[in-house]
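In what follows, a structure is listed as structure tokens, so that the remarks can point back to it.
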């Protein structure tokens, strides 16, 4: 998260110095995306979306929005700390660091399912092979007088 906060602070300082903030949220969001693209260009972060239709996200219910970004709680830009934290979380949601993250499996588990740990752990006995006596019988046959007689009869 510290990487995202650092990027958010850099972007905020650039925009504040250049006085690029406006009263229109859509314009601010588009300006933020441009700045985010420039900041993460030389880092390991990559944008998840090539294009984000902010108008759709603001006008439609969050479940109907294709990108599933909640941008309805954009803080006032004048509140620097609050805005930087919001921007850091926004950057985290729209970027990836290249590592694939497994989706949480919690949503796949039905709510009525309850898992309880077993009270006693069963001890597993290691497999012990059982040897037969057939090897000893074969060995004793080859050492017997009968085998030696049969062997001597056949040239």
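In this note's numbering, the protein residues as written are 9 to 163. Built from N, CA and C at the ideal position, the CB exists for glycine as well. Predicted model only: the values in this text are computed from it and were never measured.
Under the DSSP assignment, residue 27 falls outside any alpha helix (DSSP H); it carries neither an H nor an E label.
The beta carbons of residue 55 and residue 102 sit about 6 Å from each other, so the pair counts as a contact at 8 Å. For a cut-off of 8 Å, the C-beta gap from residue 15 to residue 48 is around 7 Å, short enough to register as a contact. When 11, 43, 12 and 61 are compared, the shortest CA-CA separation from residue 23 is found for 43. In the three-state reduction of the DSSP assignment, residue 55 falls in the strand class, which pools E and B. Residue 103 sits in a strand when the DSSP states are folded into three classes. Cα atoms of residue 93 and residue 13: separation of roughly 7 Å, rounded to the nearest angstrom. Note on geometry: alpha-carbon atoms of residue 141 and residue 159 lie some 24 Å from one another. The continuous alpha helix (DSSP H) containing residue 142 extends over residues 142 to 151. In the three-state DSSP reduction, residue 39 falls in the helix class (H, G or I).
Straight-line spacing of the CA atoms in residue 129 and residue 117 works out to 25 Å.
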